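Notes follow once the structure below has been shown.
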Amino acid sequence: MADECCGPQEPRPRTTTAQRDQQVDDHDGDHGPEQGPGSWWQVRELQLAAVAAVLLAAGWWLGSTGAELVGNGLTLASAVVGAASFVPGAVRSLLRRRVGVATLMTIAAIGAVALGQITEAAMLGVLFSIAEGLEHYAIVRTRRGLRALLGLVPPTASVLREGTELQVAPDELVVSDRMVLRPGERAATDGIIRSGHTNLDLSAITGESVPVEAGPGNAVYAGAINGGGAIEVEVTARASDSSLARIVHIVEEAQDRKGTGQRLADRIARPLVPAIMILAVLIAGFGALLGDPMVWLERALVVLVAASPCALAISIPLTVVAAVGAASRQGALVKGGAALEELGRIGTVALDKTGTLTRNAPRVVDVVPAGENTREQVLATAAALEARSEHPLARAILQAADTVPAADDVTAVPGHGLTGFLDGASVRLGKPSWVDPGSLRGEVDRLQQAGATVVLLERDGTLLGAVAVRDELRDEAPEVISRLRALNIDTAMLTGDNTATATALAGKAGIATVHAELLPEDKAALVDHLRNGRKIAMVGDGVNDAPALATADVGIAMGAMGTDVAIETADVALMGEDLRHLPQVLAHARHARRVMLQNVGLSLAIIGVLIPLAAFGVMGLATVVFVHEFAEVLVILNAIRAAKSTPLPEVTAVTPTTPQALNLTVASMPKQGDSGCCDAC
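When the letters of the sequence shown are read in order and numbered with UniProt numbering, they come out as residues 1 to 681.
Right, here's the structure in full:
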């Protein structure tokens, strides 16, 4: 099976497991996973095994009827056919000064024939080829499921060119083309709606079942289904560079990255191969001094088969491929085996507020002018300072303002707010901790207790008024927190917003630990503090929370579809906006990690039991071959289980928590916001 071996490694022509993607293939053929067999009977190793099995059965039957010479000839032919699946690769490896599992099997097969145990050699070839073929088929099948995502792209696309509607292949689309999407049609690549209103079905991409309303200015991703009226979409990426193609590429790379457990299997399997050969030589040598040399030579050959780390070598790579591929089809990108293993060990989840626990669609809920100022004046001044900000709270203020005058020399004061000049006067916008609320203190407290984020404005040192912006809690947030609790995972909210606002929102979600008024570096420091001996994951937007995402054992980016930074920087990226994917991917990773541990344990147990039994002659070559290869098949079948959906525990409805019941921990951190007053959330 997997030829984890000693000696220089080279690229391999085809993939049998993720672990062997960077190693020389010790088997014939050049069929990669995308061009691989469509059915199990098309796998070359299984075809050879079938032919060898037929020859072996025929040889046994003819031998039992008295035609021993013909029977032995067919049995020898069976051994040769079965060995064709691994001997050529072993020879190529030896020419490169590499020895591995295939080398051990080749020595055992040749030795068995030399000792006259032709039937046992044939059985070794048949069973080894079956296990090899099943492994290859399993890897092809799981990867084909991932590549099937690209099947979401339609074979043709309607495009408007020079006033004429044409049908072109997706690869012929160029940036700035105008695609026409009619009801029921899929988008061939990414774009932005320029005309029409509709609802988009993204379930096949992000895993979200609820269609998303979209109109001019909204993004459309490759594979999205137009569920409403006809729309015109301006192409923003070629089909080969679309978000869907990028997802497939990233996950395929992630499947090949080695996790801790996979590296452990490597560390065990790699030196084990030469150690087994040395052990076999010692058994044959010392045994010859104690008894019949032929008997101990036979036992040495049996030990070669018994100790081959086939199952160990594939135990984790195949699990990683299956689990990562399944997660991608459920709307979560897991960046390889290391991230998958860490995700399966998470005991605490820290969540950002804006865009993670909230809908990321804030709106102005109240404007409180001071003195004789009007609501319009307050909003116009705030909009003038926020005009160049990309933060959601800034966009909410801009949407609420009727006019947006031009401000000069606008400067962000990290942790406080914005300053600038408007019509020659100095203006300042910031949080109540920076701009004195004065006569509006009571109103500010009221709005914050209602869960709103409040910013204050002053002009030449005189208070203009207050603007309250609120980003509503996601509907599914309470359910998600309950499911995390049912998985025995602690939760905490980390936010730069004020304590009152954070407390009110955490109470609705059912989060009992809140850390508010934090700088980005404070969040990163708190991630270390919250570990408390357990693995911790940070869930954020992948950009503003970069320090905390990097500090956590696993960084999880929300709503990463089409966001290069989030996809590339996070260990895990939830493609959609449905927070329920979070407990699902955590449960899935835990299940995959259990499968890994089961496979490693079974593999080591088989080796530990078979070696002494083989060395002392308790089990012969035929029995050891059968047990060894049967265990390998069990490991393969168990690894495939990692692709199955993991049911979440049932939870009861969440009862909103009162602020008094929360475990607030804000005193240890500076009571300041994030960079920029509106970046505080």
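For every residue, glycine included, the Cβ atom is placed at its ideal position computed from N, Cα and C. The structure presented is a predicted model; accordingly, all values stated were derived computationally and were not measured.
Member of G111, A350, V101 whose CA lies at the smallest distance from the CA of A552: A350
Bridge partner(s) assigned by DSSP for S426: F421
Spatial distance of F626 from G191 (CA atoms): 56 Å
Nearest-angstrom beta carbon gap, V303 and I283 [assumed within contact, 8 Å]: 6 Å
When T354, N199, I225 are compared against G184, the one with the closest alpha-carbon: I225
Under 8 Å between C-beta atoms of D352 and T513: no
Q117 (DSSP reduced to helix, strand or coil): coil
Cα-Cα separation, N599 to D471: 46 Å
At least 3 beta-carbon pairs within less than 8 Å: the segment 606 to 613 vs the segment 293 to 309: yes
6 Å CB neighbourhood of L104 in its chain, flanking five on each side removed: L304, S308
Cα-Cα separation, V539 to L48: 50 Å
G430 to V365 span [Cα, whole Å]: 17 Å
Environment of L637 [buried if 16+ CB atoms lie within 10 Å]: exposed
At least three beta-carbon pairs within less than 8 Å, the segment 171 to 180 to the segment 232 to 242: yes
Residue environment, D528, which counts as buried when at least 16 other CB atoms sit within 10 Å: exposed
Exposed unless 16 or more other CB atoms sit within 10 angstroms - verdict on M619: buried
Contiguous alpha helix (DSSP H) assignments of at least 4 residues, all confined to the segment 537 to 616: 546 to 551, 564 to 569, 581 to 615
D674 classed as buried or exposed, judged by whether at least 16 other C-beta atoms fall within 10 angstroms: The pLDDT assigned to D674 is 38, lower than 50, so where the model puts this residue is not dependable; a value taken from the coordinates is nonetheless given after this. With 16 or more other Cβ atoms within 10 Å, it is buried.
Local Cβ density within 10 Å of residue 708, reported as buried at 16 or more and exposed below that: Past the edges of the chain, shown from 1 to 681, lies residue 708, and the structure says nothing about it.
Beta-carbon proximity check, L318 vs L604, cutoff 8 Å: no
Cβ distance (whole Å) where P211 is taken to contact S195 below 8 Å: Rounded, the Cβ-Cβ distance is 19 Å, inconsistent with contact.
Bounding residues of the beta strand (DSSP E) (the contiguous stretch that carries P88): Here P88 belongs to no beta strand (DSSP E); instead the alpha helix (DSSP H) covers 87 to 95.
Of the listed residues L55, A327, A452, nearest to M575 (C-alpha basis): A327
T499 - containing alpha helix (DSSP H), residue span: 499 to 509
Opening and closing residue of the beta strand (DSSP E) in which S195 lies: 191 to 195
Residues near S64 by beta carbon distance below 7 Å, same chain, minus five either side: none
Completely contained beta strand (DSSP E) runs for the segment 36 to 79, where each covers 3 or more residues: none
Inter-stretch contact at 8 Å, needing at least 3 Cβ pairs: the segment 335 to 351 / the segment 581 to 588: yes
Residue from T189, R459, A108 with nearest C-alpha to V427: R459
The beta strand (DSSP E) enclosing Q167, as first and last residue numbers: 164 to 168
N- and C-terminal bounds of the beta strand (DSSP E) containing D201: 198 to 201
S482, enclosing alpha helix (DSSP H) - first and last residue: 477 to 486
Contact the segment 120 to 138 vs the segment 82 to 98: 3+ CB pairs below 8 Å: yes
Cβ-Cβ distance between I397 and L379 below 8 Å: yes
Beta-carbon separation (whole angstroms), V572 vs K335, contact threshold 8 Å: 7 Å
Heavy atom of the ligand GDP within 7 Å of Q584 beta-carbon: Although the ligand GDP was asked about, the structure shown includes no ligands whatsoever.
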